[in-house]
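Counting along the first sequence from 1, when you hit position 485 you're at 487 in our numbering, and nothing is skipped either side. Even glycine gets a Cβ: it sits at the ideal position worked out from N, Cα and C. One structure below.
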Amino acid sequence: MSLKLTNTLTKRLETFKSIKPGEVSIYCCGVTVYDLCHLGHARSYIVWDVLRRYLISQGSKVTFIQNFTDIDDKILAKAEKENSTMTQVSEKNIKEFHQDMDALGILRPSRMPRATRCLDGIREMIQELEQKGAAYSVEGDVYFAVMQHVDYGKLSNRDLSEQQLNADGRIEREEEARKQHPFDFALWKRAKKGETSFPSPWGQGRPGWHIECSAMVLQELGQTIDIHLGGSDLIFPHHENEIAQSEMATGKKLANYWLHNGMVNVGGQKMSKSLGNFTTIRALLSEGISAMTLRLFILQAHYRKPLDFTKKSIEAASIGWRRLNSALCIGLISHRKLKWPKPSVQEKTIRDLKNNVSNERFSKSCQHFIDALDDDLNTSVAISVLFELSRPLKSLANQIERDVSDLDGEARNLDLHSRWLLLVSLANILGLQPELPLEKNSHQGKMHSDAEIIEAIKERKAAKLSKDFTKADKIRKELKDKGIELIDKKDGLTDWIKK
RNA sequence: GGCGGCAUGGCCAAGCGGUAAGGCAGAGGAUUGCAAAUCCUUUAUCCCCAGUUCGAAUCUGGGUGCCGCCUCCA
Numbered sequence: 003m004s005l006k007l008t009n010t011l012t013k014r015l016e017t018f019k020s021i022k023p024g025e026v027s028i029y030c031c032g033v034t035v036y037d038l039c040h041l042g043h044a045r046s047y048i049v050w051d052v053l054r055r056y057l058i059s060q061g062s063k064v065t066f067i068q069n070f071t072d073i074d075d076k077i078l079a080k081a082e083k084e085n086s087t088m089t090q091v092s093e094k095n096i097k098e099f100h101q102d103m104d105a106l107g108i109l110r111p112s113r114m115p116r117a118t119r120c121l122d123g124i125r126e127m128i129q130e131l132e133q134k135g136a137a138y139s140v141e142g143d144v145y146f147a148v149m150q151h152v153d154y155g156k157l158s159n160r161d162l163s164e165q166q167l168n169a170d171g172r173i174e175r176e177e178e179a180r181k182q183h184p185f186d187f188a189l190w191k192r193a194k195k196g197e198t199s200f201p202s203p204w205g206q207g208r209p210g211w212h213i214e215c216s217a218m219v220l221q222e223l224g225q226t227i228d229i230h231l232g233g234s235d236l237i238f239p240h241h242e243n244e245i246a247q248s249e250m251a252t253g254k255k256l257a258n259y260w261l262h263n264g265m266v267n268v269g270g271q272k273m274s275k276s277l278g279n280f281t282t283i284r285a286l287l288s289e290g291i292s293a294m295t296l297r298l299f300i301l302q303a304h305y306r307k308p309l310d311f312t313k314k315s316i317e318a319a320s321i322g323w324r325r326l327n328s329a330l331c332i333g334l335i336s337h338r339k340l341k342w343p344k345p346s347v348q349e350k351t352i353r354d355l356k357n358n359v360s361n362e363r364f365s366k367s368c369q370h371f372i373d374a375l376d377d378d379l380n381t382s383v384a385i386s387v388l389f390e391l392s393r394p395l396k397s398l399a400n401q402i403e404r405d406v407s408d409l410d411g412e413a414r415n416l417d418l419h420s421r422w423l424l425l426v427s428l429a430n431i432l433g434l435q436p437e438l439p440l441e442k443n444s445h446q447g448k449m450h451s452d453a454e455i456i457e458a459i460k461e462r463k464a465a466k467l468s469k470d471f472t473k474a475d476k477i478r479k480e481l482k483d484k485g486i487e488l489i490d491k492k493d494g495l496t497d498w499i500k501k
């Protein structure tokens, strides 16, 4: 089987085939850098990160371009509010963006163009469109004439003859009057006085939103690319307009495959800045929810479906991850004890993986995993394979934790080792990487000094030795009420963690 | 009003015509003085109604409900 993807352009599941064999060009719509990213952004970029990792694992050379929109009303508004500049606001949020994405284990794009650094390309494209009669200027504004583009609406199923009957009340009358068609959109907007602006043949102004992506694709990847990515909320008007501009300017198809991810919902409603129902990635991470928990949470759903965000669902993912993680960590923590070779972090291609899997049972798991991803990135099924692979490893981790000296026989050990290698490699394709447990006994908070706790543990141990379990339990309970949990180990020692 | 999507156990979520993956929670058992962790076992006929078919959660038609886009938006 080979990779099949749902193409928004054709509304069908299609076998993916790149223009150049072995090479894949991808453009992903990035963020407008006026604020921190929220879980919705995380979903989008995590999902596309998996697509990218999967293509890489198949041996493809992937060029992944993602933009920063750093010219925008909201950035300007923020700059004004903070008594700063557009550049300062953008720079700050670009840094924040990288911090979040790195934390989530998202591979950095090959290049990240910015609108401010692509102005020549933007102006050239607008001029090209003007020459072709697909753009017209009105008092310093330049609009794209949608009627000139025969295919307009092909991505989002819009019909130009309908004239957008019911979008009333949402559009500024004044601007409407200047447009030839209600769907016409700005390629260049003239500057109001005092506003940050850039020179152009049409006067001082700023590029419209859609044109930057068209110009960047052309600049970074060429006329036709393999895959164009974005959130489903970008289908119209953003991507529709991008297609119109690019295809009119170059005369070539912009992208062969258009992929769109579903939204993150809160209480059934889309998470968004404007609704104010968003939770930032930063906030989630600082609450102690691990990056991999978020990844698991997101990848347990299919990427095109809406995903409801609730405290409960995150907690479920968190526990699920903790268990999966214990299996993923075992070869890193206990390879000496198990006499496994020292783990190397080499990334493997699917072909290597398949060749290395000797055991028939494992090759089935491996194939099941691959088939799942091939089927329009069915990460949900792929994850179920990981959980199934991890089961005996979790048990092993537990045995080691309890210091069971009688580990299983050699053959079984070998079996577990190759199981672990497969698990780690497959998990890596989803970007699920082992998170080594934090040092035990590390904690914040000042309710108790370590010495006090250790004293209590000693007292309890004495009570246990003298079979005074009532007292032992009382101490456990007292500590628990203060958020300290005791874990008795096989060797008679007691660990404790602060919650 | 137009375009698109979704409806599966207590919760989340796969399934793409052949008799319901996986995760969380729950129950029972093993282990443990207790607790935690771990393992084993276990819990559904798929929104409603009609139809196609030997056979449908899966296809068709009609309902009902929810969501997204049509304004900035991942």
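The straight-line gap separating the alpha-carbon atoms of Asp452 and Trp498 is approximately 10 Å.
In the three-state scheme derived from DSSP, where H, G and I count as helix and E and B as strand, Asp310 is classed as strand. Judged by DSSP secondary structure, Glu126 falls within the alpha helix (DSSP H) whose first and last residues are 121-133. Inter-segment contact for the stretch 150-158 and the stretch 219-233 is absent: fewer than three beta-carbon pairs are separated by less than 8 Å.
By the neighbour-count definition (other C-beta atoms within 10 Å, threshold 16), Glu362 is an exposed residue. DSSP, read as helix, strand or coil, puts Glu141 in coil. Counting C-beta atoms within 10 angstroms of its own C-beta, Leu157 has 16 or more neighbours from the protein chains shown and is therefore classed as buried. A residue is called buried when at least 16 other Cβ atoms come within 10 angstroms of its Cβ; Thr472 does not meet this threshold and is exposed.
Remark: C-beta atoms of Leu432 and Leu388 approach each other more closely than 9 Å. A Cβ-Cβ contact shorter than 9 Å links Tyr56 with Leu375. Within the same chain, and ignoring the five residues on either side of Glu132 in sequence, the residues whose Cβ sits closer than 8 Å to its Cβ are Tyr138, Ser139, Val144.
When secondary structure is reduced to three states using DSSP, Trp204 falls in the coil class, being assigned neither helix nor strand. Judged by pairs of C-beta atoms under 8 Å, the stretch 89-97 does not touch the stretch 49-69, as fewer than three such pairs exist. Under the three-state reduction of DSSP output, Trp342 falls in the coil class, being neither helix nor strand.
When Cβ pairs closer than 8 Å are counted between the two stretches, the stretch 389-401 is seen not to touch the stretch 290-304, the count staying below three.
By the Cβ rule, the stretch 111-126 counts as touching the stretch 67-80, because three or more pairs are nearer than 8 Å. Between the stretch 241-254 and the stretch 276-291 there are fewer than three C-beta pairs closer than 8 Å, too few to call the two in contact.
In terms of Cβ geometry, Ile213 and Met127 form a close pair [threshold 9 Å]. At least 9 Å separates the beta-carbon of Ile237 from that of His40. Taken in chain order, the complete beta strand (DSSP E) segments of 3 or more residues contained in the stretch 475-501 are 486-490, 496-500. By the criterion of a C-beta distance shorter than 6 Å, Gln60 is surrounded in its chain by Ile352, once the five residues flanking it on both sides are discounted.
In this structure, DSSP gives Asn258 an extended state, which the three-state scheme calls strand.
In this structure, Pro115 and Met218 form a Cβ contact; the two beta carbons are roughly 5 Å apart against a cut-off of 8 Å.
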